[in-house]
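The structure appears right after this line, and notes come after that.
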Amino acid sequence: PVLILQFIYNGDSREGATKLERFTKLEPIFSTSETMPYLKLNTMSDIPTKHGDFRLLHGNYIPIVPGGLPIQLVSRCFDQWLKFVTDNPLASRSNVTIEIYHPVEWTSVPPDATAYVHRNPTYNIFYLPHWTDPSFTEYAANAVASLDKAFVEARDEFIGRGATGNGGYTNYMDHTNRTTGIAWLKHRFEGNYLRLIEVKQKYDPVGLFGRWFIEPKGA
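Each residue of the sequence shown is one higher than the last, beginning at 32 in this note's numbering.
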């Protein structure tokens, strides 16, 4: 098991190297850096997701709190991932990623400016179960749901419940919004729910993107 840090600095490469020094001083197993075009940067995560393998993508959010990201939460997430790949050897290539980025831009958008209401500062966490043996497929969804449940319990323990109200800004589909109904979506989007319906009907009337399963037109 390994812990990988991918550090991205959008600026002078020497400044970026200086900011990274405190991590390289930890003497990692491997360390490299380079200047790269955006298109290459944007496809770095495609390497472990080649065609023909089986995988799921589920996510959740971590509230950004004044004390910073609790190291206990990071440690617990690592332990949970290690347990996941140990208990599910057919999915031993699975990974868990925490995305830490500055939220200043999207949190500056007022909650009523778009259909999406949750503008509280959060980080993303996503789980990528990865397997090649089709016999694991029927167990994958429940396995990742258990992993997410363990994460939520750890988040509640080290950060507290309700830090961002009814939800947080996430890039990844979480297990809950794949399996719950309209009542839950209305609760999550609050007064913006009707605007969500308008946006989906206009730009994604057939549900191509599969995000936010909403009432059919005229419901």
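Glycine included, each C-beta is placed from N, C-alpha and C at the ideal position.
Using 10 angstroms around the beta-carbon of residue i, count the other beta-carbons present and answer buried if the total reaches 16, otherwise exposed.
{"i": "G222", "result": "exposed"}
{"i": "I78", "result": "exposed"}
{"i": "V148", "result": "buried"}
{"i": "G42", "result": "exposed"}
{"i": "W112", "result": "buried"}
{"i": "A250", "result": "Its pLDDT being 46, under 50, A250 is placed unreliably in this model, and the value from its coordinates should be taken loosely. Answer is exposed; the Cβ neighbour count stays below 16."}
{"i": "L159", "result": "buried"}
{"i": "Y92", "result": "buried"}
{"i": "F54", "result": "exposed"}
{"i": "Y224", "result": "buried"}
{"i": "A185", "result": "buried"}
{"i": "F240", "result": "exposed"}
{"i": "F61", "result": "exposed"}
Closest to residue i by C-alpha separation, out of the options, would be which residue?
{"i": "N126", "options": "F157, A144 and N151", "result": "F157"}
{"i": "L178", "options": "V148, N119 and E46", "result": "N119"}
{"i": "V105", "options": "I35, I39, G238 and K233", "result": "I35"}
{"i": "E130", "options": "L227, D235, G90 and V33", "result": "G90"}
{"i": "T145", "options": "R226, K50, E52 and T49", "result": "R226"}
{"i": "M67", "options": "Y40, D143 and T117", "result": "Y40"}
{"i": "V116", "options": "P32, L239, D235 and P236", "result": "P32"}
{"i": "K114", "options": "W215, T49, A181 and V237", "result": "A181"}
{"i": "R107", "options": "V183, E229 and R192", "result": "V183"}
Leaving aside the five residues before and after residue i along the sequence, list all residues of the same chain whose C-beta is less than 7 Å from its C-beta, in chain order.
{"i": "I95", "result": "P134, P152, T153 and Y154"}
{"i": "P101", "result": "F189 and I190"}
{"i": "F109", "result": "L34"}
{"i": "G47", "result": "Y40"}
Can you tell me whether residue i is helix, strand or coil according to DSSP?
{"i": "F38", "result": "coil"}
{"i": "N73", "result": "coil"}
{"i": "L227", "result": "helix"}
{"i": "K233", "result": "helix"}
{"i": "N151", "result": "coil"}
{"i": "N120", "result": "Sequence inspection shows Pro at residue 120; the Asn mentioned does not correspond to that position. Three-state result, P120: helix."}
{"i": "F157", "result": "strand"}
{"i": "F182", "result": "helix"}
{"i": "A250", "result": "The predicted position of A250 is uncertain, since its pLDDT is 46 and thus under 50; a value taken from the coordinates is nonetheless stated next. Three-state DSSP puts A250 in coil, outside helix and strand."}
{"i": "Y92", "result": "strand"}
{"i": "E221", "result": "helix"}
{"i": "R86", "result": "strand"}
{"i": "V127", "result": "strand"}
{"i": "L51", "result": "helix"}
For chain D, check one thing: does any of its Cβ atoms lie closer than 8 Å to the Cβ of residue i?
{"i": "S76", "result": "In summary, chain D is missing from the structure at hand, where a single protein chain is found."}
Leaving out the 5 sequence neighbours to the left and right, which residues in its chain are closer than 8 Å to residue i when beta-carbon positions are compared?
{"i": "D84", "result": "H161, W162 and T163"}
{"i": "P165", "result": "F85"}
{"i": "A171", "result": "F85, L87, A122, P160 and W162"}
{"i": "M75", "result": "Q37"}
{"i": "D143", "result": "G222 and N223"}
Leaving aside the five residues before and after residue i along the sequence, list all residues of the same chain whose C-beta is less than 6 Å from its C-beta, in chain order.
{"i": "Y200", "result": "H149 and T153"}
{"i": "R124", "result": "H161"}
{"i": "V175", "result": "L87, H89, Y158 and P160"}
{"i": "F220", "result": "V148 and L227"}
{"i": "G80", "result": "As written in the sequence, residue 80 is Thr, which differs from the Gly given in the question. Nothing meets the Cβ criterion."}
{"i": "T138", "result": "R150 and P152"}
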